[in-house]
Each structure stands twice: as structure tokens, then as C-alpha cells.
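Peer 1: Note that full-length UniProt numbering has the sequence shown beginning at 1, numbered continuously upward.
Structure below; questions to follow.
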Amino acid sequence: MLRTSLTFILLTIIFSSQKPKKNGVKDLFKESFYIGVAVNGQQVSGKEAGALPLIEEHFNSLSPENGLKWSLVHPKPEVYSFDFGDAYVALGEKMDAFTIGHCLVWHQQVPNWVFENESGEPLDKDKLLARMEDHIQTVAGRYKGKIDGWDVVNEVFNEDGTFRESKWYQIAGKDFIKNAFRKAYEVDPAAELYYNDYNVWKASKRAGILKLAKEMKAEGIRVDAIGMQGHYTLGGPSLDEIEKGIIEIAEAGFKVVITELDVDVLPRPNNSEGADLNINFANSPEYNPFVNGISPEAEAKLAQRYADLFQLFQKHKDKITRVTLWGLHDGKSWLNNFPVRGRTNYPLLFDRDLKLKEDVFAKLKVVSKQ
């Protein structure tokens with residue numbers, strides 16, 4: 001009896017001495033929009049130490065960084081690999097997260113065989129569309145009811161609003177986009193369907209996107225939201241340019257989702273913008289100034305940039321349904337290799353030690369109460 005009483009007293013002391021767990025980022029904005037994060041295979045499987053607790057504490061929406069792209073999930077004509085996808089949706093279910101599928105159709109990370117017959121010659125339009133629809137049926141069909149929203153088509157426009165001359169477009173024209181949305185809706189009518197692109201803040205590119213989206217809507221093809229990839233830098237684009245995009249998309253009758261948010265703190269060659277993976281430069285000290293740690297000045301600018309962005313998103317929370325960070329922490333960010341290979345970048349909310357950047361969090365806390 002005495003031992004039981006002592007144990008109870010010790011446990012009471014231990015638990016009462018622990019500080020209350022601070023709210024996660026998701027809790028700051030729970031009345032405004034989902035806060036999402038793009039995750040990789042190591043994180044989903046639990047092999048990256050410390051990652052899962054952060055994901056569960058700070059995020060209520062998940063996106064797959066690469067694991068559901070065509071080359072990984074469907075590498076050969078009759079071969080599908082669902083190891084990542086199954087673990088990913090299981091994590092989403094465990095967290096009761098708003099789970100995103102990314103992406104069904106893209107011009108990159110897609111094998112050449114998709115566009116060719118057995119002789120290596122280009123497929124005709126009907127066969128290509130059939131192959132695409134079969135892929136959507138298999139992948140989206142497997143996760144019907146488990147994935148809440150799909151990036152159906154990704155990055156089909158040039159900066160001037162014209163269509164990208166991808167193999168998809170060369171063979172099938174814009175019908176591949178329309179057929180992809182039709183098929184995705186047919187397979188899982190309960191899932192939200194998105195068109196996703198970078199540099200949507202540019203008026204010329206946005207005009208092309210919205211023209212097509214409204215055309216599809218007029219034809220009875222469901223498009224729920226336009227994904228504005230948030231690959232920004234410390235200096236640009238301006239908040240006014242981003243805001244114009246949010247307002248125009250909403251006025252056109254579509255929801256807005258901020259799909260791939262990060263802030264590049266490093267200088268870029270030729271002031272390159274966006275996320276075109278065809279742009280890549282070799283490393284050099286000029287473009288990699290923070291190898292041994294970010295400067296206090298840049299760190300302060302990063303915190304303020306996130307505060308300004310989230311303040312804008314809060315202002316338009318009636319239009320925005322989700323804000324997703326493109327990666328969990330600095331060490332795994334794609335910006336360590338884009339647009340300059342091998343850099344040490346600091347674009348996310350968590351540092352390389354998986355520690356929350358307190359200055360950023362403090363500013364987001366203030367913004368969330370406005």
C-alpha cells in the first residue's frame with residue numbers, strides 16, 4: 001500500500017512538473033485553414049528519427065513529396081509500387097489529416113514508355129489518353145475515400161500563359177488535361193480536384209490557367225481549386241502580386257490552395273523564379289553563402305517573410321482552404337539543390353536539427369490572433 005502511494009506521488013510530481021505542450025502551427029490556424037506538410041518515404045515509415053512527432057504535432061494535412069509521382073508509383077507498364085502510398089494514407093488516417101494526392105499527371109518524373117508503343121514510336125492520342133486514364137483509375141481508385149484531394153494535373157503552362165509543349169500536349173493537346181479531370185472525378189467523386197502550378201502570381205500565367213479552368217467548368221468538368229505553389233524568396237514576389245492572384249482565382253469561382261510553400265533565403269543566378277526543374281546551376285560560394293549557418297540578418301528576414309505571408313493568407317481565409325509547407329525541415333528541402341546544386345538552404349519552419357524556428361513561430365502566433 002505504501003509502495004503504491006509513493007508511486008502515485010512520484011507520478012503526480014513528474015506530470016505536474018512537465019510544462020504544457022505548446023500549440024503546434026496547425027493549432028494557431030485551426031479556424032482559418034489546414035496547415036500541411038510534404039513528407040517523404042523515410043518520414044512516413046518512421047525511419048527518420050524525430051520526424052513523425054513533429055508532423056503529428058504541427059500539421060493536419062499531408063502531401064506526398066515524390067512518392068505518388070508516376071515514375072515511382074508506376075515505373076513500368078504492368079508494374080505498380082504502392083509501398084509508399086499505402087504507408088502514406090495509413091499515416092493520414094492515423095492523424096485524421098486532410099490527405100492530398102500529388103500528382104496524377106505531370107510532364108516530369110514520368111517514364112518515356114508512357115508516350116511510346118512497343119517499338120518505341122510515339123503513341124497516338126487515343127492510346128495515350130487511355131494509358132493515362134488507366135493510371136488514374138489504378139492509383140486514385142486504390143485510395144478512393146482515403147485521399148481527400150488530388151493534384152490532378154501539374155504545371156502545364158508557360159510563364160506567358162501558353163501551353164507547355166510537353167509530350168502530353170504534343171500528342172493530345174489540352175484534351176489530356178480535360179480527360180484527366182473527368183477520369184479523376186469518375187474514379188473518386190468525393191475527392192477535391194486541383195490544378196497546380198508555380199508562379200501563379202504572374203498575371204500572364206494566371207490568365208492562361210483561369211481561361212482553361214473556366215472552360216472546363218463550362219463544359220461540366222469539375223475543378224475545385226487552383227493550387228498556387230508558394231516557392232518564394234525573401235524579396236519576391238510582392239505581397240500585392242500574390243494577393244491579386246488569390247483574389248482573381250476566387251472571383252473566377254475556384255478555391256485557393258497554397259500548395260508548396262517555402263522561402264529561399266539564398267541568392268539566385270539570373271534572378272530565376274518559380275520551380276522549373278530544367279533550370280539548374282553548378283554550386284559556387286557566391287550562391288551558397290551560409291554553409292556554416294544562416295546569418296542573423298537573413299534569419300530575421302525569413303521570420304518576417306513568413307509573418308507577412310501568413311498575414312496575407314489570414315486576410316483571405318475565406319478563399320484559402322489549405323497552406324502546405326513543401327518539406328518538414330531544412331535538411332530535406334529540395335531547395336538545397338535548386339536552382340543551384342549542393343547548397344545549404346534554410347527555407348522551412350524547422351531547422352536541420354528538427355527544431356522549430358522560434359522567431360518564425362512567435363511571429364506566426366501573433367499573426368494568428370489578428
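The C-beta atom is built at its ideal place from N, Cα and C for all residues, glycine as well.
1) Could you spell out where the alpha helix (DSSP H) holding K365 opens and where it closes?
2) Let me know if A300 comes out buried or exposed under the rule of 16 or more other beta-carbons within 10 Å of its beta-carbon.
3) Just the Cα atoms here: how many angstroms apart are K355 and K167?
4) Can you name the start and end residues of the alpha helix (DSSP H) that R305 belongs to?
5) Could I get the ranges of all uninterrupted alpha helix (DSSP H) runs contained in the segment 12-76, with 4 residues as the minimum, in chain order?
6) Near G331, what residues of its chain come up, given a Cβ to Cβ distance below 6 Å and the 5 sequence neighbours on each side ignored?
7) Kindly list the residues whose CB is nearer than 6 Å to the CB of D359, restricted to its own chain and excluding five residues on each side of it in sequence; keep chain order.
8) Going along the chain, which unbroken runs of the alpha helix (DSSP H) with 4 or more residues stay wholly within the segment 205-275?
9) Extract the residue ranges of the beta strand (DSSP E) inside the segment 68-153, only unbroken runs of 3 or more that lie entirely within it.
10) Suppose you measure from the CA of I221 to the CA of R182; what does that come to, to the nearest Å?
11) A140 to N292, Cα distance in whole Å?
12) What is the residue span of the beta strand (DSSP E) that D197 lies within?
13) Looking at the secondary structure, which residues open and close the alpha helix (DSSP H) in which R182 lies?
14) Suppose the cutoff is 8 Å on Cβ atoms and the five residues either side in sequence are ignored; what does the same chain contact list for D175 look like?
15) Look at S81 and V89 and say whether their C-beta atoms are less than 8 Å apart.
16) Measuring straight from C-alpha to C-alpha, what distance separates S16 and P53?
17) Counting pairs of beta carbons, one from the segment 54-61 and one from the segment 102-109, are three or more of them closer than 8 Å?
18) Please determine, among A190, N154 and K178, the residue with the shortest C-alpha to C-alpha distance to L212.
19) In angstroms with no decimal places, state the Cα-to-Cα distance between V152 and G253.
20) My output table needs one value for L325: the three-state DSSP class, helix, strand or coil.
21) How close, in whole Å, do the beta carbons of V194 and A218 come, if the pair is a contact with beta carbons under 8 Å?
22) Identify, in the order they occur along the chain, each residue of the same chain with its Cβ nearer than 7 Å to the Cβ of E56, setting aside the five sequence neighbours on each side.
23) So what does I320 bridge to, in DSSP terms?
24) On the DSSP bridge assignment, give the partners of F163 in chain order.
25) Between which residues of its own chain and residue 371 is the CB-CB distance below 8 Å, once the five residues before and five after are set aside?
26) Assuming E107 contacts E65 (C-beta within less than 8 Å), just tell me the rounded distance between them.
27) Ignore the nearest five residues each way along the sequence and tell me which others in I209's own chain have a CB closer than 7 Å to its CB.
28) With burial defined as no fewer than 16 other Cβ atoms inside 10 Å of the residue's Cβ, what is the status of G173: buried or exposed?
29) Around the C-beta of N40, are 16 or more other C-beta atoms found within 10 angstroms, so that it is buried, or is it exposed?
30) So the candidates are K30, I258 and R268; which of them puts its Cα closest to the Cα of P285?
31) Using beta-carbon positions only, say whether N337 and V265 come within less than 8 Å of one another.
32) Would you check if the distance between the CB atom of V340 and the CB atom of N270 is smaller than 8 Å?
33) Can you tell me the Cα-Cα spacing of A49 and K214, whole angstroms?
34) Which class does F350 belong to by DSSP, given the choice of helix, strand or coil?
Peer 2: In short, the structure shows the following:
1) E358 to S368
2) exposed
3) 42 Å
4) P296 to K315
5) 25-28, 41-45, 51-58 and 70-73
6) R352
7) A303
8) 239-251
9) 98-105
10) 6 Å
11) 43 Å
12) Note, D197: beta strand (DSSP E), E192 to D197.
13) D175 to V187
14) K125 and L129
15) Contact: no.
16) Low per-residue confidence applies at S16: pLDDT is 37, beneath 50, and the placement is therefore not dependable enough to give any value.
17) no
18) Comparing Cα positions, the closest option is K178.
19) 18 Å
20) strand
21) This sequence places Tyr at residue 194; Val is not what is there. Their Cβ separation, rounded to whole angstroms, is 18 Å, which puts Y194 and A218 out of contact at 8 Å.
22) M95
23) V256
24) F157.
25) Nothing can be reported for residue 371: it is not among the residues displayed for the chain, which extend from 1 to 370.
26) Checking the displayed sequence, the identity of residue 107 turns out to be His instead of Glu. Rounded, the Cβ-Cβ distance is 18 Å, inconsistent with contact.
27) F157, Y195, D197, V200 and I226
28) exposed
29) buried
30) R268
31) no
32) no
33) 45 Å
34) strand
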